[in-house]
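Novice: Quick one: the structure is below, questions incoming.
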Amino acid sequence: MVEDRGKEVVVDIQSVEDWLCHAQELVPVAVDKAREVKGFPGRWKMIISKLEQIPSRLSDLSSHPCFSKNSLCKEQLQAVSKTLKEAIELAILCMGENYCGKLRTQSDLDALSGKLDLNLRDCGLLIKTGVLGEATMPSAVAGSSTEPEAAIHSNTRELLARLQIGHLEAKHRALDTLVEVMKEDEKTVLAVMGRSNIAALVQLLTATSPCIREKTVTAICSLAESGSCENWLVSEGVLPPLIRLVESGSTVGKEKATISLQRLSMSTETARAIVGHGGVRPLIEICRTGDSVSQAAAACTLKNISAVPEVRQDLAEEGIVKVMINLLDCGILLGSKEYAAECLQNLTASNDNLKRAVISEGGIRSLLVYLDGPLPQESAVGALRNLVSSISMEMLVSYCFLPRLVHVLRSGSLGAQQAAATAICRVCTSADMKKLVGEAGCIPLLIKLLEAKSNSVREVSAQAISSLVSLSHNRREVKRDDKSVPNLVQLLDPSPQNTAKKYAVASLASLASSKKRKRLMISYGAIGYLKKLTEMDIPGAKKLLERLEKRKLRSLFGKK
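So that you can map any letter, position 400 of the sequence shown is 401 in the numbering used here, and since no number is skipped, the others follow by simple counting.
Okay, structure coming up:
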């Protein structure tokens, strides 16, 4: 150890064994001097009980096989010796009754008691953390190719142990090093990270120093983003201090805390816990006022939380609907807008009160404007799908709702197309609305979607068509499309994976009034499919089969 004392440099050449002997010699001196003090008997009695525990802790420490080979042991013995020396000096001062005031002496005694607690705790932690066993490597691996890696792991374990041992300033220095190491080699840190290290980091989140809190949350953010420590972080109580940092931390602290919550909130249980710890309001405030990165992270966290049905009303009471609609309009990053659309989709999934709130706050207009932009459309269409049953036909017309759905059906992602087709199903509640849908040009696009690889997309498209063909104008539109009959017949496949068959039966039954369409159905194999569907009691299959077989018989007799 090298210490600077003004211009003099003192190099510590004592061995760890020397420091052990020194500490062992100081203990009885400190105990004897403490017993001689007459004043403050209660405080000295407590100090004496702690001094008497030191020999057993030193014995545990010195009996470890790697005791003499780890620098932490030497540092710990130096710290214990320093505390023992302070105890002797304070006892001598109190015996002479030369202390500087009662309150000052009480404060000094309490500080000494705290240092003894720290020394006792740290001696125990040196054994508990297992860091001593990492001090040297077995001779079997000496000189092998794994030696450098093992040495790195050993150094990292020692660094992590320093987060738990010593005074705050020592932990601060260890934290500085840890942050730098994680920037260069996060994988190694994660490989040796243990639960006790996580607990030590979480404790540092509540340090009085803003600098320490900021560095600690930077390290915790890396751990959260790694995806390997979420359970430990949450179980060790990381959520409340993270939420407090979102509320009142520095700019960097808020950003890192919010990103940490974003990653942790992917778990349903943790999302609930964030609400329970009062995390919604500060996250909403970040959405209103935060910088671009923090805003996007907060929006994503709230989106994750909104996926939990039972907390959606809590979110609404904190004003989330208006905030998310504002993000759709004015989000700094495009990601913030996308998260806002996803959040609104979640909020409107089943809660009628939230649906009305989104509509009354102007959410329909904002969602439709979002559809005109370059961002993924699936969530916005999903939110609109959830809302259409609560919107009047006049509003749908005035907002040019159907032309935008046509655009999504034509060029959107498969998920967005599915949501659009579902929206059409839900909006077709009247003949007038079905007519508007048909006139908007949706039918050819829905027929094309019957060829999609996704079962759910085929199902919802077939459902939309089966609803639309109840109107004669739309029925004629379906008949004009050459792909309509072959696509629908393919959906008569009786396999369990095909969930569109009942809608295909209904649509074909509406088209079967046309002789030409019946001939096409027969030629594409509808009779064989319908026989199997009849056995499965699919509604309408038996009746359609009878009509086609009757047509087939007439055709045969006609040929004769």
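Here a beta-carbon is modelled for each residue, glycine too, at the ideal position from N, C-alpha and C. Because the structure is a prediction, the values reported are computed rather than measured.
State the Cα-Cα distance for the pair K544 and I523, rounded to the nearest angstrom.
Specialist: Numbered from 1 along the sequence shown, position 543 holds the residue referred to as residue 544. Numbered from 1 along the sequence shown, position 522 holds the residue referred to as residue 523. Using only the alpha carbons, I get a separation of about 14 Å.
Novice: Output the distance between the C-alpha atoms of G615 and G167, rounded to the nearest integer angstrom.
Specialist: Since the displayed the chain opens at 2 and closes at 561, residue 615 lies outside it and no answer follows.
Novice: Have a look at E135 and S69 and give me their C-alpha separation to the nearest angstrom.
Specialist: Sequence index remark: in the sequence shown, residue 135 carries index 134 (1-based). Sequence index remark: in the sequence shown, residue 69 carries index 68 (1-based). Note that E135 has pLDDT 49, beneath the 50 cutoff, so the model's placement of it is unreliable and the number below is only indicative. Their backbone Cα atoms lie some 12 Å apart in a straight line.
Novice: If contact is defined by three or more beta carbon pairs under 8 Å, each pair taking one atom from either stretch, is the region 37-45 in contact with the region 69-89?
Specialist: Result no; under three Cβ-Cβ pairs closer than 8 Å.
Novice: Buried or exposed: which applies to I93, given that a residue is buried once 16 or more other Cβ atoms fall within 10 Å of its Cβ?
Specialist: By one-based count along the sequence shown, residue 93 stands at place 92. Exposed is the call here.
Novice: Can you confirm whether the region 361-371 touches the region 390-400 when touching is taken to mean that 3 or more C-beta pairs between the two stretches lie within less than 8 Å?
Specialist: Short answer: they touch.
Novice: Measure the C-alpha to C-alpha separation of Q418 and E339 and round it to an integer number of angstroms.
Specialist: For the purposes of this step, residue 418 is identified with residue 417 of the sequence shown, where counting begins at 1. For the purposes of this step, residue 339 is identified with residue 338 of the sequence shown, where counting begins at 1. Approximately 17 Å, taken between the alpha carbons.
Novice: So, does the region 332-347 touch the region 382-392, judging by three or more C-beta pairs under 8 Å?
Specialist: A contact exists between the region 332-347 and the region 382-392.
Novice: Output yes or no for whether 8 Å exceeds the beta carbon distance between C230 and M267.
Specialist: Position 229 of the sequence shown, counting from 1, holds the residue named residue 230. Position 266 of the sequence shown, counting from 1, holds the residue named residue 267. Result no, Cβ atoms of C230 and M267 do not sit closer than 8 Å.
Novice: For L206, which of helix, strand or coil comes out of DSSP?
Specialist: Numbered from 1 along the sequence shown, position 205 holds the residue referred to as residue 206. Here L206 sits in coil by DSSP.
Novice: DSSP state of Q346, grouped into three classes?
Specialist: The residue given as residue 346 occupies position 345 in the sequence shown. It is helical.
Novice: According to DSSP, simplified to helix, strand and coil, what is I333?
Specialist: Within the sequence shown, numbered from 1, the residue matching residue 333 stands at position 332. Of the three classes helix, strand and coil, the one that applies to I333 here is coil, per DSSP.
Novice: Answer with buried or exposed for P283, where buried requires no fewer than 16 other C-beta atoms within 10 angstroms of its C-beta.
Specialist: Residue mapping note: residue 283 aligns to position 282 of the sequence shown, counting from 1. The residue is buried, with at least 16 neighbouring Cβ atoms inside 10 Å.
Novice: Could you check what DSSP says for D373 in three-state terms: helix, strand or coil?
Specialist: Here residue 373 corresponds to residue number 372 of the sequence shown, with the count starting at 1. Coil, per DSSP.
Novice: Closest to N120 by CA distance: which of G97, C74, I89 and L91 is it?
Specialist: Working through the sequence shown from its first residue, we reach residue 120 at position 119. The candidate whose alpha carbon is nearest that of N120 is C74.
Novice: With DSSP run on the structure shown, which of helix, strand or coil describes G320?
Specialist: Stepping through the sequence shown from its first residue, residue 320 is reached at position 319. Correct three-state label for G320: coil.
Novice: Below 8 Å on the Cβ atoms is my contact criterion, and I expect V428 with L388 to pass it. Report the Cβ-Cβ distance as a whole number of Å.
Specialist: Taking the first residue of the sequence shown as 1, we reach residue 428 at position 427. Taking the first residue of the sequence shown as 1, we reach residue 388 at position 387. In fact, because the Cβ distance is near 10 Å, the residues do not count as touching under 8 Å.
Novice: If we count Cβ pairs, one from each stretch, closer than 8 Å, do we get three or more for the region 287-299 versus the region 255-275?
Specialist: In short, these stretches touch, since the Cβ pair count reaches three.
Novice: Please report the straight-line C-alpha distance between S146 and R158, rounded to a whole angstrom.
Specialist: For the purposes of this step, residue 146 is taken as residue 145 along the sequence shown, with counting starting at 1. For the purposes of this step, residue 158 is taken as residue 157 along the sequence shown, with counting starting at 1. Annotation note: pLDDT 40 at S146 (below 50); position unreliable, coordinate value reported separately. Using only the alpha carbons, I get a separation of about 20 Å.
Novice: Once DSSP output is grouped into helix, strand and coil, what is the label at D109?
Specialist: Within the sequence shown, numbered from 1, the residue matching residue 109 stands at position 108. Correct three-state label for D109: helix.
Novice: Let me check understanding here. Comparing Cα to Cα, which of A463, Q204 and T189 lies closest to K172?
Specialist: The residue you call residue 172 lines up with position 171 of the sequence shown. When each option's Cα is compared against that of K172, the closest is Q204.
Novice: For E53 versus V32, is the C-beta distance shorter than 8 Å?
Specialist: Counting from one through the sequence shown, the residue named residue 53 turns up at place 52. Counting from one through the sequence shown, the residue named residue 32 turns up at place 31. Result yes, Cβ atoms of E53 and V32 sit closer than 8 Å.
Novice: State the Cα-Cα distance for the pair L169 and R58, rounded to the nearest angstrom.
Specialist: Mapped onto the sequence shown, residue 169 falls at position 168. Mapped onto the sequence shown, residue 58 falls at position 57. Cα to Cα, the separation comes out at about 22 Å.
Novice: My output table needs one value for S146: the three-state DSSP class, helix, strand or coil.
Specialist: Along the sequence shown, one-based indexing puts residue 146 at 145. Any answer about S146 is weak, because its pLDDT of 40 lies below 50 and its placement is not dependable; what the coordinates show is given next. Three-state DSSP puts S146 in coil, outside helix and strand.
Novice: Is the CB-CB distance between A441 and L415 below 8 Å?
Specialist: By one-based count along the sequence shown, residue 441 stands at place 440. By one-based count along the sequence shown, residue 415 stands at place 414. In this structure, L415 does not lie closer than 8 Å to A441 by Cβ.
Novice: For M183, count neighbouring C-beta atoms within 10 Å of its own C-beta (all shown protein chains included) and say buried if the count is 16 or more, exposed if not.
Specialist: As a first step, residue 183 must be located in the sequence shown, where it is residue number 182. The residue is buried, with at least 16 neighbouring Cβ atoms inside 10 Å.
Novice: When we look at the beta-carbon of A463 and count the other beta-carbons within 10 Å, is it buried (16 or more) or exposed?
Specialist: Locating residue 463 in the sequence shown gives position 462, where the first residue counts as 1. Buried: at least 16 other Cβ atoms inside 10 Å.
Novice: Please report how far the alpha carbon of I55 lies from the alpha carbon of T269, in whole angstroms.
Specialist: On the sequence shown, residue 55 is found 54 positions in, with the first residue counted as 1. On the sequence shown, residue 269 is found 268 positions in, with the first residue counted as 1. Using only the alpha carbons, I get a separation of about 46 Å.
Novice: Got a sec: does the ligand GTP put a non-hydrogen atom nearer than 7 Å to the Cβ of F41?
Specialist: This structure simply doesn't include the ligand GTP, nor any ligand for that matter.
Novice: Would you report the Cα separation of A317 and A432, rounded to the nearest angstrom?
Specialist: For the purposes of this step, residue 317 is identified with residue 316 of the sequence shown, where counting begins at 1. For the purposes of this step, residue 432 is identified with residue 431 of the sequence shown, where counting begins at 1. The alpha-carbon atoms of A317 and A432 are separated by roughly 35 Å.
Novice: Rounded to whole angstroms, what is the Cα-Cα separation between E26 and T84?
Specialist: On the sequence shown, position 25 is the one that residue 26 refers to. On the sequence shown, position 83 is the one that residue 84 refers to. C-alpha separation (whole angstroms): 13 Å.
Novice: Let me know if P242 comes out buried or exposed under the rule of 16 or more other beta-carbons within 10 Å of its beta-carbon.
Specialist: For the purposes of this step, residue 242 is identified with residue 241 of the sequence shown, where counting begins at 1. Classification of P242: buried, given that the 10 Å Cβ count is 16 or more.
Novice: Going by DSSP, what residue range makes up the alpha helix (DSSP H) through D33?
Specialist: The residue given as residue 33 occupies position 32 in the sequence shown. Where D33 is concerned, the enclosing alpha helix (DSSP H) stretches over V17 to E37.
Novice: Given a cut-off of 8 Å on the beta-carbon distance, is the pair A272 and I306 in contact?
Specialist: For the purposes of this step, residue 272 is taken as residue 271 along the sequence shown, with counting starting at 1. For the purposes of this step, residue 306 is taken as residue 305 along the sequence shown, with counting starting at 1. Yes.
Novice: Flag this pair as yes or no: are the beta carbons of T302 and L262 separated by less than 8 Å?
Specialist: Here residue 302 refers to the residue found at position 301 when the sequence shown is read from its first residue. Here residue 262 refers to the residue found at position 261 when the sequence shown is read from its first residue. In this structure, L262 lies closer than 8 Å to T302 by Cβ.
Novice: Taking all protein chains shown into account, do 16 or more other C-beta atoms lie within 10 angstroms of the C-beta of Q15, making it buried, or fewer, making it exposed?
Specialist: Position 14 of the sequence shown, counted from the start, is the residue given in the question as residue 15. Under this definition Q15 is an exposed residue.
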